[in-house]
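Notes to accompany the following structure.
Protein chains: 2
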Amino acid sequence: MAKELKDLANREDSYSQWYNDLVVKAGLAEYSAVRGCMVIKPYGYALWENMRDALDGMFKATGHENAYFPLFIPKSFFSREASHVEGFAKECAVVTHYRLMNDPEGNGVVVDPDARLEEELIVRPTSETIIWNTYKGWIQSYRDLPILVNQWANVVRWEMRTRLFLRTAEFLWQEGHTAHETRQEAVEETARMIGVYRDFAEKWMGVPVVVGHKTANERFAGAEDTMTIEALMQDGKALQSGTSHFLGQNFARAFDVQFTNRENALDYVWATSWGVSTRLIGALIMAHSDNNGLVLPPKLAPLHVVLIPIYKGDEEYASAVARLRELADELRARGLKVKIDDRDNVRSGFKFAEYELKGVPVRLALGPRDMAAGTIELARRDTLTKEVVPQEGLAERVASLMDEIQAAIFERALAYRDDHITRVETWDEFVRTLDEKGGFISAHWDGTTETELAIKEATKATIRCIPLDAEDEEGRCVLTGNPSKRRVLFARSY
Amino acid sequence: MAKELKDLANREDSYSQWYNDLVVKAGLAEYSAVRGCMVIKPYGYALWENMRDALDGMFKATGHENAYFPLFIPKSFFSREASHVEGFAKECAVVTHYRLMNDPEGNGVVVDPDARLEEELIVRPTSETIIWNTYKGWIQSYRDLPILVNQWANVVRWEMRTRLFLRTAEFLWQEGHTAHETRQEAVEETARMIGVYRDFAEKWMGVPVVVGHKTANERFAGAEDTMTIEALMQDGKALQSGTSHFLGQNFARAFDVQFTNRENALDYVWATSWGVSTRLIGALIMAHSDNNGLVLPPKLAPLHVVLIPIYKGDEEYASAVARLRELADELRARGLKVKIDDRDNVRSGFKFAEYELKGVPVRLALGPRDMAAGTIELARRDTLTKEVVPQEGLAERVASLMDEIQAAIFERALAYRDDHITRVETWDEFVRTLDEKGGFISAHWDGTTETELAIKEATKATIRCIPLDAEDEEGRCVLTGNPSKRRVLFARSY
């Protein structure tokens with residue numbers, strides 16, 4: 084069984100097979116009977132709950148409230164904002180009927196042809212349209228602004244090639260939709276929320292990210308500006324992990340949302356939207372995990388510590404478990420989530436492998452020698468190191484170890500990421516770096532969509548972002564040699 | 084404006100108009116552009132979050148974990164469990180296509196006829212089928228049992244006559260789905276969870292409920308037994324507020340979920356399911372509120388205390404607000420959710436009306452005389468009483484007042500409910516009580532579905548439940564005169 088548990092594909096052989104094995108075997112998620120839709124299993128959902136709760140707290144601390152808008156959007160709404168329809172209204176689940184009936188021929192149920200909707204309903208792929216249609220009724224005056232609303236919801240995009248957490252037909256996310264008096268305020272909100280995402284990625288997930296602007300070509304459909312956080316996975320591919328959009332007055336115009344401003348004149352409302360999804364779970368897995376399984380940051384781990392008795396015979400078992408219960412209570416008193424695995428039908432080697440697979444940050448094993456010596460074996464998941472430590476002061480040691488692990492995971496990912504931002508000057512270097520090393524390539528680009536698409540066509544690399552901290556630097560476009568004023572980050576991506 | 088705020092229909096004139104006005108004007112919810120779907124506004128959603136968090140804590144305390152299953156269910160799944168299809172697969176949203184395209188004639192977007200699904204997908208009206216299809220992969224042996232899983236999700240039932248929170252096409256809910264080794268264990272789980280719902284309704288919502296079993300006719304489609312909590316609204320109608328179903332082995336048989344039991348034999352798994360929804364918000368509103376607006380129990384109120392300055396001129400304003408900030412900090416230190424309404428463009432009478440409408444349990448108003456005397460005016464929303472109290476010790480007084488209000492709201496609803504359980508012996512009494520007094524009618528029934536339906540046909544009253552605490556009592560059916568062994572509770576209901 085321990086063999087079977089560890090039977091992941093090797094990360095170095097097939098990263099994508101390793102990833103899929105890991106998601107399934109660690110009990111995070113699996114595919115369902117419905118094409119492209121996943122089941123998020125309890126362990127995966129517990130991780131999502133922790134992520135959601137942390138983000139929700141950050142949203143509320145920045146003045147946002149939650150609300151809930153309909154799952155369905157009338158088809159015609161998508162045609163209102165010209166560029167939005169191009170980007171979003173295509174690969175969608177379409178509801179055409181509202182009733183089933185017994186098959187007259189006795190084969191179960193069939194769609195009732197008489198119950199056809201006058202206008203088809205689209206299962207929301209994102210909610211700008213229905214929300215701005217609603218905001219129209221909420222906003223008359225500048226006194227009604229700002230509206231700072233977030234929604235936690237499921238959305239559906241009919242993806243043809245799916246991958247658990249990273250790209251599924253249905254996924255869970257949050258989408259913030261804010262309405263403002265002025266352009267300036269909306270621009271600031273856009274930046275504030277990408278900052279919240281950066282903090283969450285780095286401080287909670289332990290995943291370093293580059294913050295920047297998308298190019299016009301990579302912008303959200305309907306946005307004037309899209310800001311992004313881009314993370315680097317261990318296979319050298321980038322993962323867009325969260326976006327925040329400055330929508331200008333586009334949706335206000337499309338849904339006729341005007342307000343009386345402080346000068347008593349009518350004006351269109353300024354908008355932002357911003358979202359992260361269960362895709363973040365994919366980022367978390369791919370940034371930290373190894374061939375033994377998940378490596379989870381303590382601030383998000385569903386379980387912090389597992390305690391395992393090592394014993395021969397009933398007597399040793401009973402005394403080890405009794406002592407572990409006392410230690411578990413001390414750990415819980417420090418706010419740690421703790422489990423004693425006292426199953427007596429499973430070998431301890433199997434248990435060790437199982438909790439490594441599940442990425443539990445700390446494992447404590449207590450055997451007869453430890454009982455005599457007042458010690459316990461402490462194993463760290465992130466480094467796979469073990470040491471024998473005194474039981475005395477254990478809770479304090481483990482609690483501070485959590486901070487240490489949280490920091491170490493981030494530092495390791497940061498070192499990897501920083502090692503994988505390569506400055507290149509020539510097209511040869513660009514292609515070779517991409518193929519041999521991967522990661523982000525910092526290069527000059529002439530600023531045209533044409534060049535951007537030519538590079539994508541040639542290499543599958545896209546401009547992940549124009550980093551916020553990009554310095555002014557005269558240079559020559561890596562493909563065309565045309566002049567450029569700053570470097571952008573390219574990468575192949577998920 | 085205060086006039087407009089209070090412009091609710093009178094509760095005594097038109098209960099349903101009053102209810103709708105209240106939901107909309109208190110900012111809880113409104114209808115959307117999509118027929119039968121509601122928008123839950125921030126104040127309503129904050130209430131739902133408090134309810135969800137309390138329930139979620141109770142589920143976890145009883146050993147349950149959360150997970151997430153697909154929104155869509157293949158149509159054929161509904162035909163698997165014979166009685167389930169009758170009850171659930173009819174008024175559903177049906178997804179038939181997965182792509183839109185630009186209208187060749189240039190009129191926005193149309194459904195792409197080439198993107199027709201081979202098998203239609205149903206937007207989940209409840210998830211027994213997809214979940215039991217999934218459990219099949221999770222369960223081999225008794226060691227895999229029990230599975231104690233809950234899901235928080237949106238569901239869709241295509242209701243023709245909708246009412247905010249009470250009956251909408253889409254609503255939010257939780258659905259627990261558990262799998263057990265033995266009948267006994269599943270029966271106990273069914274009872275445990277209806278007990279959790281009763282505790283939540285009574286201790287958190289302040290709504291007394293009758294716990295009982297549904298008759299065969301009123302059972303959930305596919306259940307062997309349905310337990311229910313039934314609450315009484317102020318118009319004398321009952322509201323089914325939560326149900327817990329013992330599903331026997333029906334879904335395990337339908338989806339072929341067998342396990343190796345302790346005797347090493349194959350057996351079908353035993354199941355329960357249980358759910359409550361945003362309908363509970365409707366119950367909460369209708370159980371407590373009055374012509375001034377909402378009355379919310381402190382344990383669920385999004386806001387506990389509002390503080391309002393009473394002043395003439397800038398100086399009085401500044402000193403009142405400054406003092407209110409100090410008092411607000413003291414209240415927050417007691418864990419109370421507090422807001423100072425320091426708007427200077429709105430009369431205090433308007434503010435009073437607004438927070439009455441929103442059901443904030445306690446209002447504090449501080450004027451110049453109070454400033455001088457070290458007092459403050461404290462108003463209770465539930466009783467609409469006011470008193471002047473010392474600022475000294477205010478936080479402690481308000482904190483303990485929250486418990487008092489919580490208890491008082493429940494006691495008042497309980498007194499009303501107990502006054503409205505009428506024991507009747509004859510059909511005349513039955514009809515007269517129903518029409519003149521309403522509420523629950525405790526009467527003998529001969530146990531046949533035929534009689535149950537005849538009574539419903541004649542009076543619109545249904546059997547809400549066979550109460551758990553119904554005593555053995557020989558009697559005669561109120562309609563047929565046939566023998567009966569215990570009383571059941573009838574009522575008209577939502």
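So the sequences go chain by chain: A and B.
Per my numbering, the first sequence starts with residue 84, numbered consecutively.
Per my numbering, the second sequence starts with residue 84, numbered consecutively.
For every residue, glycine included, the Cβ atom is placed at its ideal position computed from N, Cα and C.
Nothing here was measured: the structure is a model prediction, and the numbers come from that model.
Beta-carbon spacing of residue i, residue j below 8 Å
| i | j | result |
| --- | --- | --- |
| A/Phe-167 | A/Gly-325 | Reading off the sequence, residue 167 of chain A comes out as His, not Phe. No, they are not a contact pair. |
| B/Ala-262 | B/Ile-222 | yes |
| A/Gly-376 | A/Leu-330 | no |
| A/Ile-368 | A/Val-106 | yes |
| A/Pro-229 | A/Glu-253 | no |
| A/Leu-407 | A/Leu-390 | yes |
| A/Ile-549 | A/Thr-298 | yes |
| B/Val-177 | A/Val-178 | yes |
| B/Phe-523 | B/Arg-547 | yes |
| A/His-387 | A/Lys-434 | no |
| B/Leu-461 | B/Val-472 | yes |
| A/Tyr-181 | A/Ala-198 | yes |
| A/Trp-583 | A/Gln-332 | Lying before the first or after the last residue shown, residue 583 of chain A is absent from chain A, which here runs from 84 to 577. |
| A/Gly-289 | A/Gln-489 | yes |
| A/Ala-321 | A/Ser-159 | no |
| B/Ala-109 | B/Tyr-128 | no |
| B/Leu-625 | B/Met-121 | The question about residue 625 of chain B has no answer, for chain B in this structure spans 84 to 577. |
Length of the line joining the Cα atoms of residue i and residue j
| i | j | result |
| --- | --- | --- |
| A/Glu-201 | B/Ser-99 | 29 Å |
| A/Met-84 | A/Thr-361 | Because the pLDDT of A/Met-84 is 38, which lies under 50, any placement of that residue in the model is unreliable, and the question is left without a value. |
| B/Tyr-400 | B/Ala-482 | 26 Å |
| A/Tyr-151 | A/Leu-255 | 14 Å |
| A/Glu-242 | B/Pro-153 | 15 Å |
| A/Glu-174 | B/Leu-183 | 7 Å |
| B/Gln-234 | B/Ile-504 | 35 Å |
| B/Arg-463 | B/Thr-545 | 37 Å |
| B/Thr-245 | A/Thr-265 | 38 Å |
| B/Ile-423 | B/Gly-530 | 58 Å |
| B/Lys-568 | B/Ile-492 | 35 Å |
| A/Glu-554 | A/Ser-327 | 22 Å |
Residue i, DSSP secondary structure in three states
| i | result |
| --- | --- |
| A/Lys-469 | strand |
| A/Ala-370 | helix |
| A/Asn-233 | strand |
| A/Asn-133 | helix |
| B/Tyr-114 | strand |
| B/Ala-109 | coil |
| B/Thr-343 | strand |
| A/Lys-86 | Low confidence applies here, because A/Lys-86 scores a pLDDT of 47, under 50, leaving its location unreliable; read the following figure in that light. Looking at A/Lys-86 - three-state DSSP - the assignment turns out to be helix. |
| A/Asp-555 | coil |
| B/Gln-223 | coil |
| A/Gln-474 | coil |
| A/Arg-500 | helix |
Residue i at chain A interface by Cβ criterion, 8 Å
| i | result |
| --- | --- |
| B/Ala-129 | yes |
| B/Ser-115 | yes |
| B/Phe-152 | yes |
| B/Ile-488 | no |
| B/Lys-441 | no |
| B/Phe-155 | yes |
Below-8 Å beta-carbon distance, residue i vs any chain B residue
| i | result |
| --- | --- |
| A/Leu-180 | Looking at the sequence itself, residue 180 of chain A is His, so the reference to Leu does not match. Cβ-Cβ to chain B under 8 Å: yes for A/His-180. |
| A/Lys-124 | yes |
| A/Ile-538 | no |
| A/Trp-256 | no |
| A/Glu-132 | yes |
Which complete beta strand (DSSP E) runs does the region 263–334 of chain B hold, if anything under 3 residues is left out? Listed in chain order, they are 292–296, 308–315, 321–331.
Please give me, in chain order, every unbroken run of the beta strand (DSSP E) with length at least 3 that falls completely inside the region 377–454 of chain A. List check, beta strand (DSSP E) in window: 388–392, 421–423, 445–449.
Ordered list of beta strand (DSSP E) runs contained in the region 123–211 of chain B, each at least 3 residues: As summarised for the region 123–211 of chain B, the continuous beta strand (DSSP E) elements at least 3 residues long and confined to that stretch are 155–157, 177–180, 183–185, 192–194, 199–206, given in chain order.
Which parts of the region 498–538 of chain B are runs of the alpha helix (DSSP H), unbroken and 4 residues or longer, counting only runs that do not cross its ends? 510–519
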